[in-house]
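The structure appears below as structure tokens.
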Amino acid sequence: MEDTSQKTFIVEIANLSKSYRRGSQIIPVLQDITFDITEGEFLALMGPSGSGKSTLLNLIAGIDKADTGTIRVGGVSITTLSEAELAGWRAANVGFIFQFYNLMPVLTAYENVELPLLLTSLSRKERREHVELALNVVNLADRMDHFPSQLSGGQQQRVAIARAVVTDPAILVADEPTGDLDRVSAEEILQLMDRLVHEFGKTIIMVTHDARAAGKAHVIKHLEKGVLTG
Amino acid sequence: MLIKLIIRNAFRHKLRSILTVIGVAIAILAFGLLRTLVGLWYLGVEQSSATRLVTRNAISLVFSLPISYKDRIRQVPGVKQISWGNWFGGIYIDEKHFFPNFAVEPRSYLELYPEFVLPPDQKDAFIHDRKGAVAGRKLVAKNGWKVGDLITLRGTIFPGQWEFILRGIYRGAQKSTDETQFFFHWDYLNETMRKTVPRRADQVGFYMIGVTNPDLAAEVSTAIDKTFKNSLAETLTETERAFQMGFVSMTEAIMIAIQIVSYVVIVIIMVVAANTMAMTARERIAEYATMKTLGFGARHIAVTIFGESVVIAVIGGVVGILLTFPAAHWIETELSQFFPVFSVSPVTIYLDLLAAFTVGFIAAIFPTWRGATIRIADGLRRIG
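For the record, the sequence lines run as chains A and B.
Under the working numbering, think of the first position of the first sequence as 28, with each following residue one higher.
Under the working numbering, think of the first position of the second sequence as 118, with each following residue one higher.
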């Protein structure tokens, strides 16, 4: 029997449902999802296309609203927060890693990583320290003045990871982080994410199709037609 | 950082941005020149002296008044000075070389019009030579004349070949003074008329009257017209401003049309800029969604889009303003027969800047609304 007495749940999801309206049709995407994520856990969400895994990730990250059910992250019930409160909450608590990196093409690696810090009260000097530290973690300090177009896909994803961790958020959400990368770069990214969990104690929730990527996770959850199957 | 983002975004698609800047620049140039044209049309009215009255035939300007009226007008209380003249309408070489030319009583006319500044020796030479004439320095420069030259005009209202000796070149006391006019002795005209068409002799087209006090202008005007009531040639006396306004009002419909066109130009470029900004915003929806994901609010997105639009429009506006000055100079130089003065006023520059800013601001409203209100999840789906 699993001992849960020592575990701290950073994410608690209960009876979560979400549907989309397409014309007069209502399409259920997630149905009655309930599960918890332990602090410092690396969780992979798997499932076929349209199974609702990205929607679930968006709900946990506070960029979409559930129809019913509750999500508590770090003790905060994010399902009751307003749009503006959610924006502030995301800035402080969530780091995002996207499949296509989503870097600002006109900003350098340094400036991209600095972007989330503009919403904090840090001074320019403090921001520089944070950015340099984050770029050192992803081993890209020597490329800080490069624009995204001057970096490879793997390097761009590392910049995106530096941007995700620069505010020191409690959780990192990653939507297909290796989906646009070759095998070598994907492996590097997965190792980096593994390092973030083990060295820095981050909680990572990753959506992936890739069984190899999911193999790095501590826990794998499967979704099928909006329902957790395992 | 946001400013950096705005400026770099503004020139991300260089060709598109440059074409938009050129479009705005041309629109602002056209707007500025049209506004200047309209402003200059009313300049004669604005610059009219408050102490000068014009007396003409009550029926129409085409009809003349007897020269004998001058002594009776001079006796009207409040009249300080009087001069007289005729629109001559002479042609130099051909119609393309048009310039305004008047027969005037030189001494009194130059006293009434201190804005025409002549060197004392030239003024003296002009006054003492019955065939003498003076011309503005722009007119002189355009035709390559110099003092002492013989200038021949072909009369239209007063037929014949009329020869004048250029005795002086006047300059304007203000930048806006017309320096393309030509004046000669009314006596020369009148003496020739006596010999050739006696019935047209001793007639003047208008009297210019200086009053002792501008506040008395209305009373003096009434008194002059009352003096000639029920005479063969009744008079109409009005302030120089009203007299000028009479000419301007004949073409007011054209001026209103030009004003409307100037605003239409701005509206057209506003639509073009709005289309450009809408395309830009549509391409960047995923970036705005990413910014929102990171915690940036609608306000930040709005600043980014508005900033980009205003930067492009204002750069276009500044380029347009910088082009307005050489364009205005070219018009003043090459088309001086139509536009003797074509100087761009500070008000026009402010209007240009305001128009450019407005173009940028309004063009950004719809893209900003789209960028700021898009759902993050929808925006993120646009990538790849």
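Idealized CB from N, CA, C, for every residue including glycine.
*Looking at the unbroken beta strand (DSSP E) that takes in residue 324 of chain B, where does it start and where does it end?*
The sequence position of residue 324 of chain B within the second sequence is 207, counting from 1. Counting along the chain, the beta strand (DSSP E) containing residue 324 of chain B begins and ends at 323–328.
*Residue environment, residue 469 of chain B, which counts as buried when at least 16 other CB atoms sit within 10 Å*: As a working mapping, residue 469 of chain B is identified with position 352 in the second sequence. Answer is buried; the Cβ neighbour count reaches 16.
*Would you call residue 488 of chain B buried or exposed, if buried means 16 or more other Cβ atoms sit within 10 Å of its Cβ?*
Position 371 of the second sequence, counting from 1, holds the residue named residue 488 of chain B. Under this definition residue 488 of chain B is a buried residue.
_Taking DSSP's pairing of strands, which residues face residue 201 of chain A in a bridge?_
Translated into positions along the first sequence, residue 201 of chain A becomes position 174. Residue 201 of chain A is bridged to A:124, A:233.
_Which residues of the segment 395–427 of chain B have a Cβ closer than 9 Å to any Cβ of chain A? Give them in chain order._
403, 404, 406, 407, 408, 409, 410, 411, 412, 413, 414, 415, 417
*Does any C-beta atom of chain B lie closer than 7 Å to the C-beta of residue 124 of chain A?*
Here residue 124 of chain A refers to the residue found at position 97 when the first sequence is read from its first residue. At least 7 Å separates the CB of residue 124 of chain A from every CB of chain B.
*Please list the partners that residue 117 of chain A has in chain B, where partner means a Cβ-to-Cβ separation under 8 Å.*
Translated into the one-based positions of the first sequence, residue 117 of chain A becomes position 90. 410, 411, 412, listed in chain order.
_Suppose you measure from the CA of residue 214 of chain B to the CA of residue 208 of chain B; what does that come to, to the nearest Å?_
Counted from its first residue, the second sequence places residue 214 of chain B at position 97. Counted from its first residue, the second sequence places residue 208 of chain B at position 91. For residue 214 of chain B and residue 208 of chain B, the distance between alpha carbons rounds to 7 Å.
*When A:244, A:206, A:213, A:210 are compared against residue 224 of chain A, the one with the closest alpha-carbon*: Within the first sequence, residue 224 of chain A is the residue found at index 197, counting from 1. Residue A:244 is the option with its Cα nearest to residue 224 of chain A.
*Would residue 248 of chain B pass as a contact of residue 287 of chain B if the rule is Cβ separation under 7 Å?*
Here residue 248 of chain B corresponds to residue number 131 of the second sequence, with the count starting at 1. Here residue 287 of chain B corresponds to residue number 170 of the second sequence, with the count starting at 1. At least 7 Å separates the beta-carbon of residue 248 of chain B from that of residue 287 of chain B.
*Where does residue 500 of chain B sit, in a helix, a strand or coil, going by DSSP?*
Counted from its first residue, the second sequence places residue 500 of chain B at position 383. Here residue 500 of chain B scores only 47 on pLDDT, less than 50, and its place in the model should not be relied on; the value that follows carries that caveat. Residue 500 of chain B falls in the coil class under three-state DSSP.
*Is it the case that the CB of residue 203 of chain B approaches a heavy atom of the ligand ATP more closely than 6 Å?*
You won't find the ligand ATP in this model; it holds no ligand whatsoever.
*Assigned secondary structure, residue 225 of chain A (DSSP; H/G/I helix, E/B strand, else coil)*: The sequence position of residue 225 of chain A within the first sequence is 198, counting from 1. Three-state DSSP puts residue 225 of chain A in a helix.
*Is there at least one Cβ from chain B nearer than 7 Å to residue 145 of chain A's Cβ?*
For this step, residue 145 of chain A is matched to residue 118 along the first sequence. True, the Cβ-Cβ gap to chain B drops below 7 Å.
*Can a CB atom of chain A be found closer than 7 Å to the CB of residue 493 of chain B?*
Taking the second sequence and counting its residues from 1, the one referred to as residue 493 of chain B is at position 376. Taking CB atoms only, residue 493 of chain B has a neighbour in chain A less than 7 Å away.
*Beta-carbon spacing of residue 300 of chain B, residue 360 of chain B below 7 Å*: By one-based count along the second sequence, residue 300 of chain B stands at place 183. By one-based count along the second sequence, residue 360 of chain B stands at place 243. The answer is no: Cβ separation not under 7 Å.
*Contacts of residue 85 of chain A in chain B (Cβ-Cβ under 7 Å)*: Translated into positions along the first sequence, residue 85 of chain A becomes position 58. Within chain B, the residues near residue 85 of chain A are 494.
*Could you tell me whether the segment 331–348 of chain B touches the segment 167–187 of chain B, where touching means 3 or more Cβ pairs closer than 8 Å?*
yes
*Note the first and the last residue of the continuous beta strand (DSSP E) segment covering residue 116 of chain B.*
This structure does not reach residue 116 of chain B, given that chain B is present from 118 up to 501, and the question cannot be answered.
*Name, please, each residue of chain A whose Cβ falls closer than 9 Å to the Cβ of residue 122 of chain B.*
Start at 1 with the first residue of the second sequence, and residue 122 of chain B comes out as number 5. Within chain A, the residues near residue 122 of chain B are 131, 133, 134, 138, 142.
*At 8 Å on the CB atoms, spell out the chain B contacts of residue 91 of chain A, in chain order.*
On the first sequence, residue 91 of chain A is found 64 positions in, with the first residue counted as 1. Neighbours of residue 91 of chain A on chain B, chain order: 492, 493, 494.
*Could you spell out where the alpha helix (DSSP H) holding residue 417 of chain B opens and where it closes?*
By one-based count along the second sequence, residue 417 of chain B stands at place 300. Residues 415–451.
*asked:* Is the beta carbon of residue 67 of chain A closer than 7 Å to that of residue 180 of chain A?
replied: Locating residue 180 of chain A in the first sequence gives position 153, where the first residue counts as 1. Locating residue 67 of chain A in the first sequence gives position 40, where the first residue counts as 1. Not closer than 7 Å, so no.
*For residue 236 of chain B, three-class secondary structure by DSSP*: Translated into the one-based positions of the second sequence, residue 236 of chain B becomes position 119. Correct three-state label for residue 236 of chain B: coil.
*Verify the CB distance criterion: does residue 125 of chain B have a CB-CB separation below 7 Å to chain A?*
On the second sequence, position 8 is the one that residue 125 of chain B refers to. By this cut-off, residue 125 of chain B is an interface position.
*Use the C-beta contact count for residue 409 of chain B: other C-beta atoms within 10 angstroms, 16 or more gives buried, fewer gives exposed.*
Reading the second sequence from its first residue, position 292 is the one you call residue 409 of chain B. Buried is the call here.
_Short Cβ contact (7 Å threshold) for residue 185 of chain A with residue 167 of chain A_ = Along the first sequence, one-based indexing puts residue 185 of chain A at 158. Along the first sequence, one-based indexing puts residue 167 of chain A at 140. The answer is yes: Cβ separation under 7 Å.
_So if DSSP puts residue 157 of chain A in a beta bridge, which residue, or which two residues, is it bridged to?_
Here the question's residue 157 of chain A lines up with position 130 in the first sequence. DSSP output for residue 157 of chain A lists no bridge partner at all.
_Give me, in chain order, the residues of the same chain whose beta-carbon lies closer than 8 Å to that of residue 160 of chain B; leave out the 5 immediate sequence neighbours on both sides._
Position 43 of the second sequence, counted from the first residue, corresponds to residue 160 of chain B. 293, 458, listed in sequence order.
*Name, in chain order, the residues that DSSP records as bridge partners for residue 74 of chain A.*
Here residue 74 of chain A refers to the residue found at position 47 of the first sequence. Note: residue 74 of chain A sits in no beta bridge, so no partner.
*CB of residue 279 of chain B within 7 Å of CB of residue 285 of chain B, strictly*: Working through the second sequence from its first residue, we reach residue 279 of chain B at position 162. Working through the second sequence from its first residue, we reach residue 285 of chain B at position 168. Contact: no.
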